[in-house]
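A.B. asks: A single structure is presented below for examination.
Numbering (my numbering), first residue to last: 234 to 461.
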């Protein structure tokens with residue numbers, strides 16, 4: 234992972250355009266190719282980013298705007314660009330993090346995965362399970378399934394569905410869709426609760442959201458609104 238603290242300006246050019254004025258920021262370049270721009274606020278969420286597959290090019294002197302020291306152009310497969318104009322660099326370091334062991338799900342998420350694998354038709358009539366914990370180069374997909382038409386579907390399971398989970402499933406889908414034996418691969422984001430922002434992002438990316446009923450999956454009849 235490369236970490237750069239720099240005074241920079243950021244422009245996103247694609248389906249939408251966005252501009253970040255010149256300011257001091259943290260630039261992160263990860264081993265998977267993703268590039269993230271962080272400020273000293275906003276918690277974990279970057280101000281702007283480019284998800285893999287994408288390519289970072291550090292432009293030569295002829296392309297660097299007057300008064301700047303460097304110009305980074307990050308391009309994704311759709312041709313969209315993240316242009317980072319760097320005025321000054323305060324820190325630039327590279328760190329080898331090694332292979333991450335991956336997120337260990339809590340008991341509820343792990344149980345939801347087992348239950349949904351056993352009752353995969355909850356996702357829709359004709360669904361069948363290919364494999365649980367289908368391994369990819371960036372981690373395991375919770376469930377890999379086939380729908381009634383025989384198309385491949387990747388399912389990400391969460392207790393609480395948030396934006397991070399949608400991003401995680403997006404990365405899996407980008408990778409799985411490079412495999413001609415699986416493509417095209419659709420996505421289902423399944424959770425007990427799905428936040429409105431996560432639902433909006435998922436639907437914008439063509440990912441279907443599915444709310445899981447834990448009691449129903451366990452075969453427990455709900456007693457809500459019962460007198461006895």
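Every residue, glycine too, gets a C-beta built ideally from N, C-alpha and C.
All figures in this text were calculated on a predicted structure; none of them were measured in a lab.
Rounding to the nearest angstrom, what Cα-Cα distance links residue 265 and residue 286 in this structure?
C.D. replies: In the chain shown, residue 265 corresponds to position 32, counting from 1. In the chain shown, residue 286 corresponds to position 53, counting from 1. Cα to Cα, the separation comes out at about 8 Å.
A.B. asks: Between residue 300 and residue 320, which are expected to be in contact by the criterion C-beta below 8 Å, what is the C-beta distance as a whole number of angstroms?
C.D. replies: Along the chain shown, read from residue 1 onward, the residue named residue 300 stands at position 67. Along the chain shown, read from residue 1 onward, the residue named residue 320 stands at position 87. 7 Å between Cβ atoms; contact.
A.B. asks: Just to confirm, is the Cβ distance from residue 421 to residue 409 under 8 Å?
C.D. replies: Start at 1 with the first residue of the chain shown, and residue 421 comes out as number 188. Start at 1 with the first residue of the chain shown, and residue 409 comes out as number 176. Taking 8 Å as the Cβ cut-off, residue 421 and residue 409 do not qualify as a contacting pair.
A.B. asks: Pick out whichever of 284, 236 and 346 has its Cα sitting closest to the Cα of residue 405.
C.D. replies: Taking the chain shown and counting its residues from 1, the one referred to as residue 405 is at position 172. For the residues 284, 236 and 346, the minimum Cα distance to residue 405 belongs to 284.
A.B. asks: Taking the alpha-carbon positions, what's the residue 464 to residue 441 distance?
C.D. replies: Outside the shown range of the chain (234 to 461) lies residue 464, about which nothing can therefore be said.
A.B. asks: Straight-line CA distance for residue 364 to residue 257?
C.D. replies: By 1-based counting over the chain shown, the position of residue 364 is 131. By 1-based counting over the chain shown, the position of residue 257 is 24. Spanning the two alpha carbons is a distance of roughly 46 Å.
A.B. asks: Here's the rule: buried if 16 or more other CB atoms are within 10 angstroms of the residue's CB, otherwise exposed. What is residue 389?
C.D. replies: Numbered from 1 along the chain shown, position 156 holds the residue referred to as residue 389. Buried, because 16 or more other Cβ atoms sit within 10 Å of the Cβ of residue 389.
A.B. asks: Quick check on residue 381: buried or exposed, where buried means 16 or more other Cβ atoms within 10 Å of its Cβ?
C.D. replies: Taking the chain shown and counting its residues from 1, the one referred to as residue 381 is at position 148. That one is exposed.
A.B. asks: Short of 6 Å in beta carbon distance, which residues of its chain neighbour residue 290, apart from the five on each side in sequence? Order them along the chain.
C.D. replies: Taking the first residue of the chain shown as 1, we reach residue 290 at position 57. Taken in chain order, the residues that qualify are 306.
A.B. asks: Which runs of the beta strand (DSSP E) fall wholly inside the region 346-408 and span at least 3 residues, in chain order?
C.D. replies: Listed in chain order, the complete beta strand (DSSP E) runs (minimum 3 residues) inside the region 346-408 are 361-369, 372-379 and 385-394.
A.B. asks: Does the beta-carbon of residue 439 have 16 or more other beta-carbons within 10 angstroms, so that it is buried, or is it exposed?
C.D. replies: Within the chain shown, numbered from 1, the residue matching residue 439 stands at position 206. Under this definition residue 439 is an exposed residue.
A.B. asks: DSSP on residue 419, reduced to helix/strand/coil?
C.D. replies: Walking along the chain shown from the start, residue 419 turns up at place 186. Looking at residue 419 - three-state DSSP - the assignment turns out to be strand.
A.B. asks: Looking only at its chain, what residues have a beta carbon closer than 6 Å to the beta carbon of residue 435, apart from the 5 residues adjacent to it on each side?
C.D. replies: Locating residue 435 in the chain shown gives position 202, where the first residue counts as 1. Contacts found: 399, 422 and 442.
A.B. asks: Label residue 249 either buried or exposed according to how many other C-beta atoms from any shown protein chain fall within 10 Å of its C-beta, with 16 as the threshold for buried.
C.D. replies: Locating residue 249 in the chain shown gives position 16, where the first residue counts as 1. Result: exposed.
A.B. asks: Mapping the DSSP letters down to three states, classify residue 341 as helix, strand or coil.
C.D. replies: Mapped onto the chain shown, residue 341 falls at position 108. DSSP places residue 341 in helix when its eight states are reduced to three.
A.B. asks: Using a Cβ-Cβ cutoff of less than 8 Å, which residues in the same chain neighbour residue 369 once the five nearest sequence positions on both sides are dropped?
C.D. replies: Indexing the chain shown from 1 puts residue 369 at position 136. Cβ neighbours of residue 369 beyond the five flanking positions: 405, 408 and 409.
A.B. asks: How long is the line joining the alpha carbons of residue 243 and residue 309, rounded to whole angstroms?
C.D. replies: To locate residue 243, count along the chain shown from 1; it is residue 10. To locate residue 309, count along the chain shown from 1; it is residue 76. Each residue's alpha carbon lies about 16 Å from the other.
A.B. asks: Could you tell me which of 246, 449 and 245 sits nearest to residue 353, measuring between CA atoms?
C.D. replies: For the purposes of this step, residue 353 is taken as residue 120 along the chain shown, with counting starting at 1. Comparing Cα-Cα distances from residue 353 to each of 246, 449 and 245, the minimum goes to 449.
A.B. asks: Does the beta carbon of residue 291 come closer than 8 Å to any beta carbon on chain B?
C.D. replies: This model lacks chain B altogether, as it is built from one protein chain only.
A.B. asks: Who are the near neighbours of residue 231 in its chain, counting only those whose CB is closer than 6 Å to its CB and skipping five residues on each side?
C.D. replies: Residue 231 lies beyond the range of the chain shown here (234 to 461); nothing can be said about it.
A.B. asks: Please return the same chain residues whose Cβ sits closer than 6 Å to the Cβ of residue 348, not counting the five positions on each side in sequence.
C.D. replies: The sequence position of residue 348 within the chain shown is 115, counting from 1. The answer, listed in chain order, is 450.
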